[in-house]
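Going by numbering that gives the first Met the number 0, the first residue of the sequence shown is number 0, and it counts up by one from there.
Built from N, CA and C at the ideal position, the CB exists for glycine as well.
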Amino acid sequence: MKAYRKLIIVAIGILVISACKNETIDKIKKAKNDISNVSSIVSNAKEAQEESLKLKEITPMTNDELKTWLPENIENLSRTGFKVGKTGYMNVASIEGTFKAEDGHELKVEVIDGAGEMGSVLMTGIGMASKMEVEEENESKHLKTVTENGIKAKQTYYKKRGDTDLQFIYGKRYIVMILARNTKPEKAWEFVEQLNLENLIK
0 MKAYRKLIIV AIGILVISAC KNETIDKIKK AKNDISNVSS IVSNAKEAQE ESLKLKEITP
60 MTNDELKTWL PENIENLSRT GFKVGKTGYM NVASIEGTFK AEDGHELKVE VIDGAGEMGS
120 VLMTGIGMAS KMEVEEENES KHLKTVTENG IKAKQTYYKK RGDTDLQFIY GKRYIVMILA
180 RNTKPEKAWE FVEQLNLENL IK
């Protein structure tokens, strides 16, 4: 009987030690993950700052250049209006275009040039945020970081409205914001392809 009790005590001791060991391992893993996350944030901040310094020396696009770039049509959507220099009070070049189709699709495109003294400041924070991986979902929307055609973006699909919102940095210089109403994410990315964003960096 004594031997049996000793066996039980030893078994309990092993379980306690094992539990403590597992808890310690979990804490070590969490600490490593925390350090990794901090290192990633620091690295992203440094990279964003370096890119901002390069952009500071570049001359921003003019209103005429931005108007020349903005297309008249995107698939079956026709341009219904545009605004240039909307952020002009900050001395940041920008353009906003609205498009509409008879089938109910609507598209709003906004491009902000991150070049120049003020544009580069704006890009520092936005550029850092754009490098972070996120995902969030609830009954009304699904937000996640995606990569489409080499473009890393924050994609939000509003389930009830059926709208798609895209935000990304193009060519390490341009802040691009897309709002596609009554449009699934897959279709919104098709519209992005036809914007010919590559013409902005020629």
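For residue i versus residue j, is the C-beta spacing smaller than 7 Å?
i      : j      : result
Asp63  : Ala92  : no
His104 : Asn181 : yes
Ser139 : Lys159 : yes
Val120 : Tyr173 : no
Gln193 : Ile57  : no
Thr97  : Ser51  : no
Thr163 : Ala128 : no
Thr203 : Val133 : For the chain, the structure presents residues 0 to 201; residue 203 sits outside this window and is missing.
On a CA-only basis, which of the options is nearest residue i? Give me that one, please.
i      : options                        : result
Ile94  : Met117, Pro184, Val175, Lys183 : Val175
Gly115 : Lys183, Leu54, Ile177, Pro184  : Leu54
Arg78  : Asn90, Pro59, Lys107           : Lys107
Asn195 : Pro70, Val83, Glu56, Glu136    : Pro70
Lys82  : Leu76, Leu65, Asn75, Glu185    : Leu65
Tyr157 : Val191, Glu49, Glu136          : Glu136
His141 : Glu46, Gln48, Thr61, Gln154    : Gln154
Met89  : Lys99, Glu46, Glu49, Met117    : Met117
Glu49  : Gln166, Gly126, Lys151         : Gly126
Tyr169 : Pro184, Lys130, Gly80          : Lys130
Gly161 : Ala179, Pro59, Phe167, Gly84   : Ala179
Gly149 : Thr67, Pro59, Val191           : Val191
Glu189 : Leu76, Gly80, Thr61, Gly84     : Leu76
Note the first and the last residue of the continuous alpha helix (DSSP H) segment covering residue i.
i      : result
Met122 : 115-129
Val191 : 184-192
Thr67  : 62-68
Between which two residues does the beta strand (DSSP E) holding residue i run?
i      : result
Asp112 : 105-112
Ala100 : Note, Ala100: premise wrong, no beta strand (DSSP E); not H, not E.
Lys153 : 150-157
Gly161 : Unbroken run through Gly161: none, as it is neither H nor E.
Thr146 : 140-147
On the DSSP bridge assignment, give the partners of residue i in chain order.
i      : result
Met176 : Glu109, Gln166
Ser93  : Ile111
Val133 : Answer is none; Val133 lacks a bridge partner.
Gly80  : Thr97
Ile73  : Leu76
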